[in-house]
Each structure stands twice: as C-alpha cells, then as structure tokens.
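Trainee:
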Amino acid sequence: MRKLHIGIVDIVSSGPTRALYARVMNPNLASIMPQAIGTWCRAEGHEVTFVCYTGFEDLIAELPAHADLIFIGAFTEAAHTAYALSNLFRSRGAVTAIGGPHARCYPEDALRYFDYVLGFTDRETLRGILADCSQHRPLGVRVSARQQPASLPGVRERWQFIEPTLRKAPLIKMVPMLGSLGCPYTCSFCIDATVPYQPMDVDGIEEDLRFLLTQFRRPMVGWHDPNFGVRFDSYLDAIERAVPRGRIDFIAESSLSILSEPHLKRLRRNGFQGLLPGIESWFDLGNKSKTGAQVGMEKVRQVSEHVNLILRYIPYVQANFVLGLDSDQGAEPFELTKRFLDRTPGVFPGYSLLTAFGRAAALNLDYQHANRVLPFPFHFLNNNQAMNVRPRNYAWREFYDHVIDLTEYSFSWRAIGRRLRATPGVKARGMNLVRAISTEGFGRIRYHSEIRRRLDQDPQFRPYFEQETTELPQFYLDLMRQDLGALWEWLPESGLRHNPNAYADAERGSAVDVQFGPAVRATAE
Ligand code: B12
Ligand code: SF4
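Quick note, the working numbering runs 4 ahead of the 1-based positions in the sequence shown.
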C-alpha cells in the first residue's frame, strides 16, 4: 500500500472561541477514538498530522495542504464544522471520512458530505478504508464493524496525541481512558441501551496507569465509560495494584446503583474526585437510580440522601437531569428538582433539554413517527441551545418559563453560596463557581431568556416551534454564522437542512439507499 498523508481532526469546539472556560477545559474534552485512529494509521506506516480543535487553533494552517485522507471525529453539535472542513479538504483533492457520535446518529446526512461515514470502528474497518482510500461521491459509503472493538490503543500508544493536546491546557490536564464499552442497562433514550456491555482488558488499564505516573507528578484521569464501575471490584483492584494511594485523581460517570457506601469508601481511598451520576427524571427511569417504582417527592428524598452520601466521600458531584421528558407534566418536575437542590446543596445540577439525536436511541423512532422532531440545524443540538422534540405535555412558552425558573433557582447567588459552603476543597469549589457564572449557569439563563422573549416577540419563532413552517428563524442563522467563523464560507448550503425523520424513513425503506464501496468491508449497523 502506498504511504498516505493523513490528517485527523478531533473537533471539540464547533468554531473559534476566546472564552476562558474553553481555554481551560476544551483540551480536557478530547475524544479517545481520533487518537486511536492516529495510532493505528501510524502503525500501518502512514504519515499522520493530528489536531484536537479546541477553538484556538488555525485548522487550515495546521492541517496538511495536500492530504490524501482526512478523518474527522465530531459530535452532532460540530457537524457543520465537520461538513465545512470536508468540503474545504475535498476541494484540495483529499478523500474525507467522519466518525463519532454524529456519524452514528445521522449517517444518512453525513453521507452527503463525506466519502466514508463510520459507525463502530476497529482496526480491520480502518484497514479497509486505508486500502480503498478513494472518492465516493455524490454519496459516500457507510462502513461499520459488526460490534464495538475488542481492544483500543492504550494511553502509552496514544501519548503521541494526548501529550500535545494537554500541552494546550493551562491548569487541569485530564487524560482520557476507557474501562468498558456499552452498558448493561437499557435506558430508552440512550445510545448504549442496545450495545452489550464489554469490559476492556484490565492488564492494559494497569499498564496505562503505571505509564501515566511516569509522565505527570499527579495525573488526572477522566473515564469515558458510559457507566464506570459496572464490574466494580475488577477495576478498583486494577487501580489499587497499579497506583500508590492518592497518586492519581479520577473522574467518572456512574449510575447511582453502583455508588453504594462501601463502593464510595473505596473510590475515595483511590483518589476519585468527581462523579457524574444521571438522575434524569423524578417520574421515570428508576432502574438507573436504584429507586425502583418510587416517583415524585419520595424519589427526591431517597436520591437526595444518596447524593449527600456521595458528597461525604467525593468532593465534586454533578447530577444530570433531562428536562421535558414525556413522563413530565406541569410545574411539579421542576419544583421537585428545586427541592432536591435545597436538600442537596453541594451538588452541581447538569440540565439537558430533551434531544432526539437521530439514530441514537430506538425511542427517537417514536418521536419521528409522531412527527414531534423539529429540524433545528445540527449546530444547536448540544442539549441546550435547542430542544428538537416537541414536548408532549407542555406548550413551548410554558416549558421555557419552567426551564428559566429552574435555571435561575439553581444559579442564584443564594444557591451558589450554599453550593460553595457545602463543597469541600478549593478545586471543586472553584469549578462550581466558574461553571455557575460562565456559560453553564448565567450564560444559559441569558440564552433561554432570549429564546423565551423571541417566542413572544419574534414573528419567525412561534411558527417554527409549532412546526407550521420549516423556515429557520434568522436568529439561529446569524448565530451559526458567527459561531463558525471563517469555516462558514465552506459550509455547503444544503448542509443547513437535514431530514429530521431520516431514521423513521430508513426503517420504512424510503430513505436514500446506503452504498457500499467495493474494497471496504461494509456492514450496515
Ligand atoms: C464520555 C462521553 C463524554 C465525555 C467525553 C467526550 C469526548 N470528547 O469524547 C464528556 C463528559 C466530556 C462529554 C461531553 C459531551 N457529550 Co458526551 N458522551 C460520552 C459517552 C458517555 C461515551 C462516549 C465514548 O467516548 N465512548 C467510547 C467510544 C470508544 O465509543 P463510541 O463513542 O461508541 O465510538 C465508536 C464509534 O462511534 C467510532 N468513533 C468514535 N469517534 C470516532 C472518531 C473517528 C475519527 C472515527 C473514524 C470513528 C469514531 O469508533 C468507536 C468504536 O466503535 C457518550 C454516550 C455513550 N454511551 O456513547 C456521550 C455522548 C457521546 N455525548 C453526547 C453529548 C450530547 C455531549 C455534550 C454535547 C453534552 C453537553 N451538553 O455538554 C458534550 C460535548 C463535548 C464535546 N464537544 O466534546 C451525546 C452525543 C450525541 C450526538 N450525536 O452528538 C452522547 C451520545 C450521549 C447521548 N446524549 O446520547 N461526553
Ligand atoms: S445507565 Fe447510563 S449508559 Fe447505561 S443505558 Fe442508562 S443512560 Fe445509558
């Protein structure tokens, strides 16, 4: 095979930024897979230029002008950035490929702009693409391994990409690691509900941790497992074997059902500094929070006690909620969240507006069949800037009133003060304060209030939200143009629109045919 010049972009920021929070945090949000792809490409003998785009780089200057192949890893919120980049590099003769959450959720749309659209990706899948490396236009080919890879390059192998990425991080330097793929739970809204749980090799994890100790005085690891610690003892045994007590700090997303008191004691002994359990709803998804059939105030009491217990052992706890679920009605769900905050002052609340990310979950088919999915451009699908599912039990204005009220309550100076007093440690306090007064707290209050104001006053808003028209309000177009910066010029005009019901159409067999290239091992997911 000829030696290829390959560019890899891990898009963390969907456009240029100068925000302080982005400078501190974005390098810490790098993904594992682009680093894995880079490692495999180099191991196959190709030349690789790797950029983790945090919003501060000049992408066009940093990537090779004459690349043979460009891989882009993108969330849906970065889809337009990815489409623009693909267009730019195709114009210079490169073949382009996209992988990551957007490619998994919206493959039909991504096929219009990329030669390859990847689902599950293992080394074999990649080899097929490297061997084929040819244009597939106007529609690309969709390529996927049959299942998640059995193994991925560890930290030592990925260090060639981790190290330059973390060099951009001035304060916190978080190394991304993976202990497992998939999840044994089946939350109906989750992309992993149908992906079997699969632990990664524990020996590899130990080796990575030992390696990290040689690189930083006190490393910090962010576990990217959908649900860390399902095989709790096996992971903690590995950590205890590899890491002298307290030498590495860890952060993980775990469900409440895993976080029993004996487990918390062990997590604390082993340097866990931050946990992000999902609560999601007071009226649904009891299996995840170990509350069974309990709902409403009863669930608030139980979950609050549990989260306060976690806070006795772990300084930083973010509890995640989804707003606007079908099980919610009236003011009660929002009021219950306020009571939860009153009872659990140390917790940082993470709110997501209900979002149907294309093929992410089977539940999205129901929303599409019911014609409840709005065609908000991908750029706004980050759980906050737009809610693309029409709520079942709320009118839009009423819904936004509740969201604003809850956000104001959560990030009032009173709540911030209580949170700071209830949070142990300078780092955790600092993080809670910065998040509250920057984009996540005050910023969201401003943004949601602007949307609410426009629902009353901007004549383009209400008809779009009520699905009377698909004409996007100018407000969103202007915002997108501003966010994308110079890349806006490269965004194909058709990229602004997508079929919000592509998943349902594909199931009905009325979608655009998926093509498969000759030399690639292609399987529909
Ligand atoms: C860990 C995680 C995070 C971490 C790390 C993020 C990161 N940069 O990787 C943190 C906490 C920072 C995070 C933040 C966010 N996240 Co998140 N996160 C996850 C989670 C739990 C696991 C993803 C993961 O790394 N899995 C391990 C990898 C190896 O497996 P995989 O993702 O399935 O990838 C496979 C293929 O897709 C492919 N692949 C993946 N990437 C690439 C790249 C290339 C180039 C190629 C070729 C192939 C490829 O290969 C892999 C192996 O088969 C998923 C949920 C889930 N269970 O998947 C949500 C998820 C990915 N997050 C999601 C969202 C919405 C967000 C946020 C926007 C939330 C917010 N409002 O802030 C931010 C965006 C952050 C950013 N821009 O980077 C959505 C994405 C939906 C979408 N279509 O965009 C998901 C799916 C959750 C959901 N709502 O269903 N997240
Ligand atoms: S517990 Fe978390 S990762 Fe597992 S299916 Fe539910 S939401 Fe997804």
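We put the CB at the ideal spot given by N, CA and C, even for glycine.
Can you name the start and end residues of the beta strand (DSSP E) that F54 belongs to?
Mentor: By one-based count along the sequence shown, residue 54 stands at place 50. Element bounds for F54: E51 to Y57.
Trainee: Measuring only from the beta carbon, is E48 closer than 7 Å to any heavy atom that is part of ligand 1?
Mentor: By one-based count along the sequence shown, residue 48 stands at place 44. For ligand 1, not one heavy atom lies less than 7 Å from the Cβ of E48.
Trainee: State the start and end residues of the unbroken beta strand (DSSP E) segment that holds T100.
Mentor: By 1-based counting over the sequence shown, the position of residue 100 is 96. Looking at the DSSP string, the run of the beta strand (DSSP E) that includes T100 is V99 to G103.
Trainee: If we require 4 or more residues per run, which alpha helix (DSSP H) segments fall completely within the region 344-399?
Mentor: With a minimum length of 4 residues, the continuous alpha helix (DSSP H) runs that stay inside the region 344-399 are 367-373.
Trainee: When DSSP labels each residue in this structure, what does P203 get in the three-state scheme?
Mentor: Position 199 of the sequence shown holds residue 203. Correct three-state label for P203: strand.
Trainee: Can you tell me which of A82, V121, N32 and F254 puts its alpha carbon nearest to the alpha carbon of E167?
Mentor: The residue you call residue 167 lines up with position 163 of the sequence shown. Minimum Cα distance to E167 is reached at N32.
Trainee: Less than 7 Å between C-beta atoms, sequence neighbours within five positions excluded: which residues of the same chain meet that for I283?
Mentor: On the sequence shown, position 279 is the one that residue 283 refers to. Correct list, in chain order: S293, V307, A323, N324 and F325.
Trainee: With DSSP run on the structure shown, which of helix, strand or coil describes R422?
Mentor: Within the sequence shown, numbered from 1, the residue matching residue 422 stands at position 418. DSSP places R422 in helix when its eight states are reduced to three.
Trainee: Under 6 Å Cβ to Cβ from L531, same chain only, skipping five residues before and after it: list those, please.
Mentor: Residue 531 lies beyond the range of the chain shown here (5 to 529); nothing can be said about it.
Trainee: I408 and R363 - do their beta-carbons sit closer together than 8 Å?
Mentor: As a working mapping, residue 363 is identified with position 359 in the sequence shown. As a working mapping, residue 408 is identified with position 404 in the sequence shown. In this structure, I408 does not lie closer than 8 Å to R363 by Cβ.
Trainee: Are there any heavy atoms of ligand 1 lying less than 7 Å away from the beta-carbon of C45, as far as the coordinates show?
Mentor: In the sequence shown, counting from the first residue as 1, residue 45 sits at position 41. No, the beta carbon of C45 sits no closer than 7 Å to any heavy atom of ligand 1.
Trainee: Cβ of P161 within 7 Å of any heavy atom in ligand 1?
Mentor: Reading the sequence shown from its first residue, position 157 is the one you call residue 161. According to the sequence as given, residue 161 is Glu; it is not Pro. Flag unset: Cβ of E161 not near ligand 1.
Trainee: Is the beta carbon of A510 within less than 7 Å of some heavy atom of ligand 3?
Mentor: Among the ligands present in this structure, namely ligand 1 and ligand 2, ligand 3 is not found.
Trainee: For I314 versus V321, is the C-beta spacing smaller than 8 Å?
Mentor: To locate residue 314, count along the sequence shown from 1; it is residue 310. To locate residue 321, count along the sequence shown from 1; it is residue 317. Yes, these two residues count as a Cβ contact at 8 Å.
Trainee: Would you decide whether T169 is buried or exposed? Buried here means 16 or more other CB atoms lie within 10 Å of its CB.
Mentor: To locate residue 169, count along the sequence shown from 1; it is residue 165. T169 is buried by the Cβ-count criterion.
Trainee: Under 8 Å Cβ to Cβ from F93, same chain only, skipping five residues before and after it: list those, please.
Mentor: Position 89 of the sequence shown holds residue 93. G11, L67, A71, I74 and T100.
Trainee: For my contact list, V16 and C56 are in at a C-beta cut-off of 8 Å; report their separation, rounded to the angstrom.
Mentor: Along the sequence shown, read from residue 1 onward, the residue named residue 16 stands at position 12. Along the sequence shown, read from residue 1 onward, the residue named residue 56 stands at position 52. Indeed they touch by this definition, with Cβ atoms about 6 Å apart.
Trainee: Consult DSSP for Y320 and reduce its assignment to one of helix, strand or coil.
Mentor: As a first step, residue 320 is located in the sequence shown; it is residue number 316 there, counting from the start. In this structure, Y320 counts as strand in the three-state DSSP scheme.
Trainee: Roughly how many angstroms separate the alpha carbons of L357 and R448, rounded to a whole number?
Mentor: Here the question's residue 357 lines up with position 353 in the sequence shown. Here the question's residue 448 lines up with position 444 in the sequence shown. Taking the straight line joining both Cα atoms gives about 12 Å.
Trainee: Where does R171 land, buried or exposed, given buried means 16+ other C-beta within 10 angstroms?
Mentor: Counted from its first residue, the sequence shown places residue 171 at position 167. Exposed, because fewer than 16 other Cβ atoms sit within 10 Å of the Cβ of R171.
Trainee: Is S414 near ligand 1, in the sense that its beta carbon is under 7 Å from a heavy atom of that ligand?
Mentor: In the sequence shown, counting from the first residue as 1, residue 414 sits at position 410. Incorrect: S414 has no Cβ contact closer than 7 Å to ligand 1.
Trainee: Can you name, in chain order, every residue of its own chain whose Cβ lies under 8 Å from the Cβ of I420, other than the five neighbours on each side?
Mentor: Sequence index remark: in the sequence shown, residue 420 carries index 416 (1-based). Same-chain partners within the cutoff: N436, L437, A440, I441 and G445.
Trainee: May I ask you to list the residues that DSSP assigns as paired with I10?
Mentor: Indexing the sequence shown from 1 puts residue 10 at position 6. According to DSSP, which records beta bridges pairwise, I10 is partnered with V52 and L73.
Trainee: Given this structure, state the Cα-to-Cα distance separating L156 from H228, to the nearest angstrom.
Mentor: Locating residue 156 in the sequence shown gives position 152, where the first residue counts as 1. Locating residue 228 in the sequence shown gives position 224, where the first residue counts as 1. About 13 Å.
Trainee: For L213 versus I243, is the C-beta distance shorter than 8 Å?
Mentor: In the sequence shown, the residue the question calls residue 213 occupies position 209. In the sequence shown, the residue the question calls residue 243 occupies position 239. A contact, by the Cβ cut-off of 8 Å.
Trainee: Can you check which of these residues, A390, P379, P319 and L378, is closest to A426 by C-alpha distance?
Mentor: Looking up residue 426 in the sequence shown gives position 422. Measuring from the Cα of A426, the nearest candidate turns out to be P319.
Trainee: Please determine, among F415, D482, F384 and E309, the residue with the shortest C-alpha to C-alpha distance to P353.
Mentor: As a first step, residue 353 must be located in the sequence shown, where it is residue number 349. Ranking the options by Cα distance to P353, first place goes to F415.
Trainee: From the DSSP secondary-structure annotation, give me the bridge partner or partners of G144.
Mentor: The residue given as residue 144 occupies position 140 in the sequence shown. DSSP output for G144 lists no bridge partner at all.
Trainee: On the criterion of 16 or more Cβ atoms from any shown chain inside 10 Å, does S192 qualify as buried, or is it exposed?
Mentor: Locating residue 192 in the sequence shown gives position 188, where the first residue counts as 1. Exposed is the call here.
Trainee: Is it buried or exposed for A47, if we count other Cβ within 10 angstroms and need 16 for buried?
Mentor: As a first step, residue 47 must be located in the sequence shown, where it is residue number 43. Classification for A47: exposed.
Trainee: Does ligand 2 have a heavy atom nearer than 7 Å to the CB of T190?
Mentor: What you label residue 190 is simply residue 186 of the sequence shown in a count that begins at 1. Checking the Cβ of T190 against ligand 2 gives yes.
Trainee: Alpha carbon to alpha carbon, what distance is there between D253 and K431?
Mentor: One-based indexing of the sequence shown puts residue 431 at position 427. One-based indexing of the sequence shown puts residue 253 at position 249. Looking at the two C-alpha atoms, the distance is approximately 12 Å.
Trainee: Classify D253 as helix, strand or coil using the three-state DSSP reduction.
Mentor: Against the sequence shown, residue 253 aligns to sequence position 249. Strand, per DSSP.
Trainee: Is G123 near ligand 1, judged by its Cβ being under 7 Å from some heavy atom?
Mentor: Taking the first residue of the sequence shown as 1, we reach residue 123 at position 119. Checking the Cβ of G123 against ligand 1 gives yes.
Trainee: Taking the beta strand (DSSP E) that Y120 belongs to, which residues open and close that run?
Mentor: Mapped onto the sequence shown, residue 120 falls at position 116. Its beta strand (DSSP E) spans residues Y120 to L122.
Trainee: For A82, which residues from the same chain have a beta carbon less than 6 Å from its beta carbon, with the 5 sequence-adjacent residues on both sides left out?
Mentor: By 1-based counting over the sequence shown, the position of residue 82 is 78. So the qualifying residues of the chain are I15 and S18.
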